[in-house]
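Visitor: The listed protein sequences correspond, in order, to chains A and B. Under the working numbering, the first residue of the first sequence carries the number 283, and numbering increases by one thereafter. Under the working numbering, the first residue of the second sequence carries the number 21, and numbering increases by one thereafter. Note that CB positions come from ideal geometry on N, CA and C, so glycine has one too. My questions all concern the structure below.
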Amino acid sequence: AQKITQTQPGMFVQEKEAVTLDCTYDTSDQSYGLFWYKQPSSGEMIFLIYQGSYDEQNATEGRYSLNFQKARKSANLVISASQLGDSAMYFCAMREGQGSNYKLTFGKGTLLTVNP
Amino acid sequence: EADIYQTPRYLVIGTGKKITLECSQTMGHDKMYWYQQDPGMELHLIHYSYGVNSTEKGDLSSESTVSRIRTEHFPLTLESARPSHTSQYLCASTQIGNSPLHFGNGTRLTVT
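Here it is in structure tokens:
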């Protein structure tokens, strides 16, 4: 079974509008972390935002915020005021467990296109 | 400013050749990883290391091998490259559980 599910292969948004990229996860661990990465066409992976399973408030980093709904096991990325440079692949990822065991499992990604 | 370096950035090589993809980081991180990614697809973990002389296979079976003789260096080797190895290979590192993975720029490998 998929541990990370991103159901939107592609999304379109108009410049300056907000967009939500969906991510659901599956884990039986109590301690886990959720990450979002951006991958432009050049191929590098850029870390955007992190949410820990015990964090009570939704994470925010500039124009990025994470809508964390623990009971629904969802961790959606919200990008406000979209810019043309936001066009890229976006990956949701999960770290399970804690301590020295650290592996990230990635979803299939969502290709975001920002239209002028 | 890159703290984790991968070379080469692009590599085109013939079938049967032995290749080594280099990955070095200057952050002193104990944990290092290799991911394989086909264009537009998800990342698959193929190898990881939690420290010197520690290496493990990842979730995706790979014919490649890795070594970790020094903390900062985590090379990946293919003894005999095949067209099915054509992919992007991403190296990453981290130190503690809540920190993100820091990725290199990747090596795009094409085997003809």
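#1: Ordered along the chain, which non-local residues of its own chain (more than five positions away) have a Cβ less than 7 Å from that of TYR70 of chain B?
#2: Compute the Euclidean distance between the alpha carbons of ALA101 of chain B and LYS38 of chain B, then round it to the nearest angstrom.
#3: Anyone know if the C-beta pair for LYS320 of chain A and SER364 of chain A falls short of 8 Å?
#4: Between which two residues does the beta strand (DSSP E) carrying LEU366 of chain A extend?
#5: Hey, quick one: how far does the beta strand (DSSP E) through HIS49 of chain B stretch, first residue to last?
#6: Are the beta-carbon atoms of CYS111 of chain B and GLN26 of chain B separated by less than 8 Å?
#7: Of the choices A:MET371, A:GLY315 and A:ALA353, whose alpha-carbon is the least far from that of ALA341 of chain A?
#8: Quick one, are the C-beta atoms of LEU121 of chain B and LEU330 of chain A less than 8 Å apart?
#9: Kindly indicate which three-state DSSP category SER81 of chain B falls into: helix, strand or coil?
#10: What number of angstroms, rounded off, separates the C-alpha of TYR307 of chain A from the C-alpha of PRO95 of chain B?
#11: Quick check on ASP23 of chain B: buried or exposed, where buried means 16 or more other Cβ atoms within 10 Å of its Cβ?
#12: Using the C-alpha atoms, what's the distance from TYR68 of chain B back to THR309 of chain A?
#13: So is PHE373 of chain A buried or exposed if we call it buried at 16+ other beta carbons inside 10 Å?
#14: If you draw a straight line from the C-alpha of ASN118 of chain B to the C-alpha of ILE328 of chain A, how long is it?
#15: Going by DSSP, what residues sit across from VAL131 of chain B in a beta bridge?
#16: How many angstroms separate the CA atom of LEU366 of chain A from the CA atom of VAL396 of chain A?
#17: Compare the Cα-Cα distances from SER369 of chain A to each of A:VAL301, A:ALA375 and A:THR287 and report the closest residue.
#18: Go through its chain and collect everything with a Cβ distance to GLU42 of chain B's Cβ below 6 Å, but skip five positions before and after it.
#19: For MET376 of chain A, write down the residues that DSSP places opposite it in a beta bridge.
#20: Return helix, strand or coil for SER113 of chain B, following the three-state DSSP convention.
#21: Between the beta-carbon of LEU393 of chain A and the beta-carbon of PRO291 of chain A, is there less than 8 Å?
#22: Which residue wins for smallest C-alpha separation from GLU92 of chain B, given the options B:ASP79, B:THR127 and B:GLN45?
#23: Between the stretch 323–353 of chain A and chain B, which residues of the former have CB atoms less than 7 Å from a CB of the latter, in chain order?
Guide: Quick look at the numbers:
#1: The residue given as residue 70 of chain B occupies position 50 in the second sequence. Its chain contains ASP50 and LYS51 as the residues whose beta carbon lies nearer than 7 Å to that of TYR70 of chain B, once the 5 sequence neighbours on both sides are disregarded; these appear in chain order.
#2: The residue you call residue 101 of chain B lines up with position 81 of the second sequence. The residue you call residue 38 of chain B lines up with position 18 of the second sequence. Rounded to whole angstroms, ALA101 of chain B to LYS38 of chain B spans 6 Å at the Cα level.
#3: Position 38 of the first sequence, counted from the first residue, corresponds to residue 320 of chain A. Position 82 of the first sequence, counted from the first residue, corresponds to residue 364 of chain A. Taking the C-beta atoms as reference points, SER364 of chain A is found no nearer than 8 Å to LYS320 of chain A.
#4: Sequence index remark: in the first sequence, residue 366 of chain A carries index 84 (1-based). Per DSSP, LEU366 of chain A belongs to no beta strand (DSSP E) and is neither H nor E.
#5: Along the second sequence, read from residue 1 onward, the residue named residue 49 of chain B stands at position 29. Unbroken run through HIS49 of chain B: none, as it is neither H nor E.
#6: By one-based count along the second sequence, residue 111 of chain B stands at place 91. By one-based count along the second sequence, residue 26 of chain B stands at place 6. A contact, by the Cβ cut-off of 8 Å.
#7: On the first sequence, position 59 is the one that residue 341 of chain A refers to. Closest by C-alpha distance to ALA341 of chain A, out of A:MET371, A:GLY315 and A:ALA353, is A:GLY315.
#8: The residue you call residue 121 of chain B lines up with position 101 of the second sequence. The residue you call residue 330 of chain A lines up with position 48 of the first sequence. No, these two residues do not count as a Cβ contact at 8 Å.
#9: One-based indexing of the second sequence puts residue 81 of chain B at position 61. In the three-state reduction of the DSSP assignment, SER81 of chain B falls in the coil class, being assigned neither a helical nor a strand state.
#10: Residue mapping note: residue 307 of chain A aligns to position 25 of the first sequence, counting from 1. Residue mapping note: residue 95 of chain B aligns to position 75 of the second sequence, counting from 1. TYR307 of chain A and PRO95 of chain B: Cα-Cα distance of roughly 31 Å.
#11: Along the second sequence, one-based indexing puts residue 23 of chain B at 3. Residue burial is scored here from C-beta neighbours: ASP23 of chain B has fewer than 16 other C-beta atoms within 10 angstroms and is therefore classed as exposed.
#12: For the purposes of this step, residue 309 of chain A is taken as residue 27 along the first sequence, with counting starting at 1. For the purposes of this step, residue 68 of chain B is taken as residue 48 along the second sequence, with counting starting at 1. Straight-line Cα distance between these residues: approximately 21 Å.
#13: Locating residue 373 of chain A in the first sequence gives position 91, counting from the first residue. By the 16-neighbour rule on beta-carbons within 10 angstroms, PHE373 of chain A is buried.
#14: The count along the second sequence starts at 1 and reaches residue 118 of chain B at position 98. The count along the first sequence starts at 1 and reaches residue 328 of chain A at position 46. Roughly 16 Å separates the two Cα atoms.
#15: Against the second sequence, residue 131 of chain B aligns to sequence position 111. Beta bridge pairing from DSSP links VAL131 of chain B with B:ILE33.
#16: Translated into the one-based positions of the first sequence, residue 366 of chain A becomes position 84. Translated into the one-based positions of the first sequence, residue 396 of chain A becomes position 114. Roughly 5 Å between the two C-alpha positions.
#17: In the first sequence, the residue the question calls residue 369 of chain A occupies position 87. Considering only alpha carbons, the answer is A:VAL301.
#18: The residue given as residue 42 of chain B occupies position 22 in the second sequence. In its chain, beyond the 5 residues on either side, THR27 and PRO95 have a beta carbon closer than 6 Å to the beta carbon of GLU42 of chain B.
#19: In the first sequence, counting from the first residue as 1, residue 376 of chain A sits at position 94. MET376 of chain A is bridged to A:LEU316 and A:THR387.
#20: Here residue 113 of chain B refers to the residue found at position 93 when the second sequence is read from its first residue. Residue state, collapsed to three classes: strand.
#21: Locating residue 393 of chain A in the first sequence gives position 111, counting from the first residue. Locating residue 291 of chain A in the first sequence gives position 9, counting from the first residue. Between LEU393 of chain A and PRO291 of chain A, the gap from beta carbon to beta carbon is short of 8 Å.
#22: To locate residue 92 of chain B, count along the second sequence from 1; it is residue 72. Checked all of B:ASP79, B:THR127 and B:GLN45; the closest Cα to GLU92 of chain B is B:GLN45.
#23: For the stretch 323–353 of chain A, the set of residues with a beta-carbon nearer than 7 Å to any beta-carbon of chain B comprises GLY325, GLU326, MET327, PHE329, TYR332 and GLY334, in chain order.
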